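Notes for the one structure printed next.
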Amino acid sequence: MMNNLELAINIDSIIGIPCHVVENPEKCVELITPNLNFKIISMNVRSINKNFDEFLVYLRRLNVTFDIIILTECRLNDCYNIENIPGYNTYNTHRNINQNGGVVAYIKNSWNALVTEPILADSCCITIDIPNVATILGIYRSPSFRNTANFIHSLDDNLNLLKNKQSILVVGDINIDTLSPESEEYLCLLTEHGFEQAITKPTRKNACLDHISVKSNVSAIGIVCESDITDHKIVIAGLGSKVTKKNSVKFRNLLIYEAVLEEMKQTDWAPVLNQSDTNIAATNFITILDKAITINSKTVKLSKSTSVIEPWMTTGLLRCARHRDKLHLKQKKEPNNEVLKLIYTRYRNFYKKLIRNIKNEYEKDQLHSNIKNPKMLWKSIKNICNFKTKNNNATDLTTIHNDPVESLNITNRYFTSVGQNLAREIIRKTNTTEDELATNMKGKEPTESLFLEPTDPHEIISIINNLKTGSAPGLDGITPLLLKTIKNAIAEPLAHIFNLSIGNGVFPTAWKISAITPIFKDGTRNAPENYRPISLLSVISKLLEKVVNKRLVKFVESHGLLSPRQFGFRHNKSTEDAVILLSELVAKYLDSGNSCIGVFLDLAKAFDTVSTKILLKKLQYFGIRGLSHDWFKSYLTNREQLIKIESVKSATLPVNYGVPQGSILGPTLFLLYMNDIHDLNNNMINAEIICYADDTAIIFKGRNWEDTYNSTEMGMVAINDWLANNLLTINHKKTKYLCFHKTAASQPNIPNHIKIHTCKLTQILDCNCQSIDRTNSIKYLGVILDQNLNFKEHTLSLANRIRKTAAILKKLRNSAEPFLLTRVYVAICQSIASYCIPVWGSAAITTLIIPERAQRCVLKVMHKKNFRFPTQTLYKEAKVLTIRQLFILRLCLSTHKKVLTSDLYDQLCKKRVFKMPSLHVNTSFGQRFGAYIRSHIYNGMLHYCNMKDMSVREAKIKLKDCLLQLDYFTTESILD
1 MMNNLELAIN
11 IDSIIGIPCH
21 VVENPEKCVE
31 LITPNLNFKI
41 ISMNVRSINK
51 NFDEFLVYLR
61 RLNVTFDIII
71 LTECRLNDCY
81 NIENIPGYNT
91 YNTHRNINQN
101 GGVVAYIKNS
111 WNALVTEPIL
121 ADSCCITIDI
131 PNVATILGIY
141 RSPSFRNTAN
151 FIHSLDDNLN
161 LLKNKQSILV
171 VGDINIDTLS
181 PESEEYLCLL
191 TEHGFEQAIT
201 KPTRKNACLD
211 HISVKSNVSA
221 IGIVCESDIT
231 DHKIVIAGLG
241 SKVTKKNSVK
251 FRNLLIYEAV
261 LEEMKQTDWA
271 PVLNQSDTNI
281 AATNFITILD
291 KAITINSKTV
301 KLSKSTSVIE
311 PWMTTGLLRC
321 ARHRDKLHLK
331 QKKEPNNEVL
341 KLIYTRYRNF
351 YKKLIRNIKN
361 EYEKDQLHSN
371 IKNPKMLWKS
381 IKNICNFKTK
391 NNNATDLTTI
401 HNDPVESLNI
411 TNRYFTSVGQ
421 NLAREIIRKT
431 NTTEDELATN
441 MKGKEPTESL
451 FLEPTDPHEI
461 ISIINNLKTG
471 SAPGLDGITP
481 LLLKTIKNAI
491 AEPLAHIFNL
501 SIGNGVFPTA
511 WKISAITPIF
521 KDGTRNAPEN
531 YRPISLLSVI
541 SKLLEKVVNK
551 RLVKFVESHG
561 LLSPRQFGFR
571 HNKSTEDAVI
581 LLSELVAKYL
591 DSGNSCIGVF
601 LDLAKAFDTV
611 STKILLKKLQ
621 YFGIRGLSHD
631 WFKSYLTNRE
641 QLIKIESVKS
651 ATLPVNYGVP
661 QGSILGPTLF
671 LLYMNDIHDL
681 NNNMINAEII
691 CYADDTAIIF
701 KGRNWEDTYN
711 STEMGMVAIN
721 DWLANNLLTI
731 NHKKTKYLCF
741 HKTAASQPNI
751 PNHIKIHTCK
761 LTQILDCNCQ
771 SIDRTNSIKY
781 LGVILDQNLN
791 FKEHTLSLAN
801 RIRKTAAILK
811 KLRNSAEPFL
821 LTRVYVAICQ
831 SIASYCIPVW
841 GSAAITTLII
851 PERAQRCVLK
861 VMHKKNFRFP
871 TQTLYKEAKV
881 LTIRQLFILR
891 LCLSTHKKVL
901 TSDLYDQLCK
911 KRVFKMPSLH
921 VNTSFGQRFG
931 AYIRSHIYNG
941 MLHYCNMKDM
951 SVREAKIKLK
961 DCLLQLDYFT
971 TESILD
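Residue 976 is where the sequence shown ends in my numbering, and the numbering goes up by one at each step.
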């Protein structure tokens with residue numbers, strides 16, 4: 001038996017995880033040997049906005065590519081765009097405990113990581129799970145929480161959930177000093193869970209507050225690096241050779257476009273041009289093009305950076321950083337030496353200013369060099385302002401099953417069955433069949449039929465020229481850029497194939513397969529229901545669709561077959577037009593003394609549940625007959641889809657329901673499918689129906705609230721029947737209704753829900769039919785409508801959105817010229833402020849002052865003005881309009897355009913005074929909407945700006961100059 005002394009000696013001889021202290025960051029690379037395959041770095045950054053550039057310089061000096069970077073105490077807020085690091089995916093916490101809180105994680109993009117934000121008491125936490133490698137908890141715990149008990153118990157609960165993971169690291173600024181006795185409970189907890197401390201040296205003064213604790217079967221080391229960025233040192237840990245690292249070497253095919261063009265010029269297109277069968281001609285074309293692509297492609301290895309570096313970092317800047325560190329170490333050794341302290345402080349401040357100046361100069365050069373290239377200019381602006389795109393990597397879906405292909409098969413089965421299951425549930429409930437529903441479709445057929453005119457090479461070239469170069473290709477890999485390069489060589493054979501397709505009424509089978517790219521929404525990343533399927537079709541098939549869609553839209557619009565209340569995907573109709581019509585209808589009803597209820601429908605998977613049989617029947621009632629009908633039948637039937645994530649593909653499955661997503665014809669066909677819902681307001685319900693694609697608003701009116709409520713309940717029965725007959729499903733949880741009224745005194749005393757009776761009204765009181773709930777406000781097409789139409793909620797939301805742009809312009813103001821800064825302001829901030837402003841811009845002054853203050857805040861930040869800078873001077877120097885003036889401008893321009901494009905202009909010119917007639921309204925509420933406010937403001941502005949004989953463009957310039965000269969009180973007098 002071993003005695004107590006021998007036992008103590010043996011225990012003391014256990015080294016554990018070695019922890020090194022490094023003063024010079026350049027020496028870290030010597031400790032992090034190639035055997036350490038997983039490396040993580042953490043730092044308390046004390047505001048990522050303030051110190052990020054210095055941290056990047058430090059990473060460059062380390063000359064190590066880390067797998068995970070954790071930054072704590074980032075002081076995150078909603079208005080800040082987090083900086084990106086090339087080669088990394090960026091994640092951050094959203095539940096931040098105080099204004100100093102926030103954890104930002106950078107994960108090397110070669111790792112397939114699952115990121116979540118667990119609830120951890122008194123702290124912010126982000127969990128990074130890399131399957132079969134490691135799980136990392138990035139934590140920031142504020143020192144303001146003196147009692148550690150809540151945190152420790154909550155950490156225990158979270159670690160219990162991770163107990164089956166093979167390697168776990170707890171990383172971050174936890175503000176528990178592991179070198180003091182008070183940390184005993186915390187250290188015991190980690191020990192019980194099998195963790196060892198990788199950081200055992202002081203990280204802030206004499207305390208160890210920044211931790212990396214490791215639970216793993218592989219070797220590990222810890223490093224504490226001296227840093228002058230904040231008063232916290234930088235901590236690093238590495239795991240040993242048993243970690244299997246994903247092969248990050250990537251290859252891609254490089255296509256030589258000029259060589260393909262030469263190949264196409266030499267090509268004999270006889271196998272296509274001499275063919276009369278559509279499918280064979282299309283297949284031969286694809287074979288020839290694919291062969292040319294294969295011959296003229298080569299595989300190249302993508303370069304792999306060994307260190308994090310920004311292009312603005314210079315060798316001189318790195319030398320300054322090293323000199324700054326030397327002064328810092330000298331000053332630490334002699335803390336009482338005032339001369340050394342002064343030298344160090346001055347040089348440190350000089351170094352920080354130098355970083356800002358070098359970066360600003362680099363950004364200025366980037367903007368100046370791209371000033372004549374809008375695409376590259378906006379790319380530079382996005383890089384400077386840190387416009388972060390959401391990480392939509394769907395590789396987690398390949399982990400549903402042990403076999404990645406089977407995982408994607410499961411996902412594909414889910415996507416193809418969603419619409420089908422909803423449609424079959426309706427068929428089951430209504431005890432009917434899809435064929436019977438299609439047969440029962442009724443409509444009035446136009447006297448003329450659609451004739452699909454043949455195309456020609458000139459039209460094909462014109463369509464190719466209008467393609468977006470950056471659009472993703474389909475399964476064939478043919479990009480818009482390639483088509484633009486070889487357009488003259490392929491225009492004739494493509495025109496022949498398209499004309500065969502139209503003439504034979506056959507859509508080529510080769511172009512009916514779509515590749516689905518799942519886009520993550522939220523929730524668990526390996527659940528198919530948390531993804532939105534984006535369909536990628538062949539670019540060539542879209543060319544054919546554009547040819548047909550052009551003829552279809554021209555036929556439908558010229559014959560007036562679509563309802564004027566259908567606003568989606570139509571020329572000269574927008575979301576703003578739909579919201580304006582809705583608000584003016586409600587205002588008109590309330591001004592006339594009527595009661596008004598608005599029902600806002602939410603349809604479940606509307607595009608996916610469209611019945612092909614019913615749609616084909618409806619197309620006949622739009623005059624699509626004969627060969628044209630055969631073509632659409634061929635286009636809609638026998639379609640297939642597969643899911644492709646990186647190099648993994650699922651099996652193909654048939655798609656039996658829905659219009660093809662990602663297609664050109666899909667939106668137009670959906671409009672035709674939904675169009676006869678507008679016939680209900682003439683035949684079965686006393687209501688106005690306004691549609692923008694599947695966003696449908698139904699406005700009911702009545703003499704009093706009881707009549708309105710009853711007519712709404714009966715009308716919803718008719719709406720529900722129409723939807724069921726068309727295999728569309730109401731999402732009852734998201735469908736709401738709103739009782740519009742002018743004042744609080746006119747608040748209706750009616751039930752808080754409306755039943756959608758499927759019991760044929762036989763059991764009104766106690767039936768089990770589904771119901772929709774009442775709400776006080778709802779967001780419709782981007783505008784928050786409230787029950788009084790005072791738009792208080794909308795302006796509050798708008799002010800928050802406007803304020804978020806301040807951080808973007810603050811980043812740009814040191815780099816951009818004034819004219820470019822104004823252009824960015826107009827594109828980002830003013831576009832937000834002016835969206836649907838004709839609807840809500842007539843709100844009370846006390847309501848509009850909220851977004852206007854946010855606008856002033858942005859302008860002051862943008863032009864570096866202090867908080868109390870005079871408002872009138874601010875707008876004049878910035879040469880931008882106030883929120884109220886934007887409202888006046890928009891209303892005047894729309895009214896002036898209406899005057900010029902109608903007979904009204906000649907009538908007004910004959911009058912002694914050029915003045916719009918005023919519409920009679922009964923209440924002051926009605927004066928805020930519709931034709932009354934438009935004519936009132938237009939006439940008011942004519943006193944300051946004579947635009948009688950001006951075009952709309954000339955009037956816009958004149959109006960803006962005039963409004964810029966008006967002071968606050970004059971502007972308000974126009975609206976009075």
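We put the beta carbon where it would ideally sit given N, CA and C, even for glycine. Nothing here was measured: the structure is a model prediction, and the numbers come from that model.
Do the CB positions of residue i and residue j come within less than 8 Å of each other?
i, j, result
"CYS857", "LEU959", "no"
"ALA604", "THR729", "yes"
"ILE40", "ALA281", "no"
"ILE384", "GLU363", "yes"
"LEU536", "ALA578", "no"
"GLY598", "ALA697", "yes"
"CYS124", "ASN96", "yes"
"ASN175", "SER227", "no"
"THR72", "ASN49", "no"
"SER797", "ASN412", "no"
"ALA198", "SER213", "yes"
"ASN526", "LEU642", "no"
"ALA816", "PRO851", "no"
"ILE460", "MET264", "no"
"LEU636", "LEU615", "yes"
"LEU120", "ILE107", "no"
"ALA843", "ILE802", "no"
"LEU889", "LEU789", "no"
"ASN725", "LEU942", "no"
"HIS559", "GLU448", "yes"
"ASN720", "ILE677", "no"
"TRP269", "PRO493", "yes"
"VAL224", "THR191", "no"
"ILE750", "TYR692", "no"
"LEU239", "LEU481", "no"
Compute the beta-carbon to beta-carbon distance between residue i and residue j, rounded to the nearest angstrom, for a pair I have assumed lies under 8 Å.
i, j, result
"ASN279", "VAL506", "7 Å"
"ALA718", "ILE689", "Their Cβ separation, rounded to whole angstroms, is 11 Å, which puts ALA718 and ILE689 out of contact at 8 Å."
"LYS618", "LEU672", "6 Å"
"TYR351", "HIS328", "10 Å between Cβ atoms; not a contact."
Looking only at its own chain, which residues have a Cβ that is under 6 Å from the Cβ of residue i, when we skip the five neighbours before and after it?
i, result
"HIS496", "LEU273"
"THR895", "ARG934, TYR938"
"VAL29", "ASN63, VAL64"
"CYS767", "CYS759"
"TYR932", "LEU919, VAL921"
"TYR414", "PRO528"
So, for residue i: in the same chain, excluding its five sequence neighbours on each side, which residues have a beta-carbon less than 8 Å away from its beta-carbon?
i, result
"PRO18", "ILE221, GLY222"
"LYS864", "ARG813"
Among residues of its own chain, excluding the 5 on either side of residue i, which ones have a beta-carbon nearer than 7 Å to its beta-carbon?
i, result
"THR762", "With a pLDDT of 45 at THR762, under the threshold of 50, the modelled position of this residue cannot be trusted, and the question is left open."
"LYS897", "VAL952"
"LYS948", "PHE914"
Sequence ranges, alpha helix (DSSP H) only - wholly within the segment 686-765, length at least 4
705-725
Count the CB pairs spanning the segment 580-589 and the segment 842-856 that are closer than 8 Å, and state whether there are at least three.
Contact between the segment 580-589 and the segment 842-856 is absent: fewer than 3 CB-CB pairs across the two stretches fall below 8 Å.
Can at least three beta-carbon pairs, one atom from the segment 76-91 and one from the segment 327-344, be found at a separation below 8 Å?
no
Segments of 4+ residues assigned as alpha helix (DSSP H) that fall wholly inside the segment 651-680
Listed in chain order, they are 665-674.
Check whether the segment 251-262 touches the segment 287-297, taking contact to mean three or more Cβ pairs, one atom from each stretch, closer than 8 Å.
yes
Mind pulling the beta strand (DSSP E) runs of 3 or more residues that sit fully within the segment 97-125?
104-108, 114-116
Would you call the segment 145-165 and the segment 85-93 touching, i.e. three or more CB-CB distances under 8 Å?
Judged by Cβ distances under 8 Å, the segment 145-165 makes no contact with the segment 85-93, as fewer than three pairs qualify.
Unbroken alpha helix (DSSP H) runs of length 4 or more, entirely within the segment 139-216: which are they?
149-161, 184-192
Below 8 Å, can you find three or more Cβ-Cβ pairs linking the segment 818-834 to the segment 775-792?
The segment 818-834 makes no contact with the segment 775-792; the number of CB pairs closer than 8 Å stays below 3.
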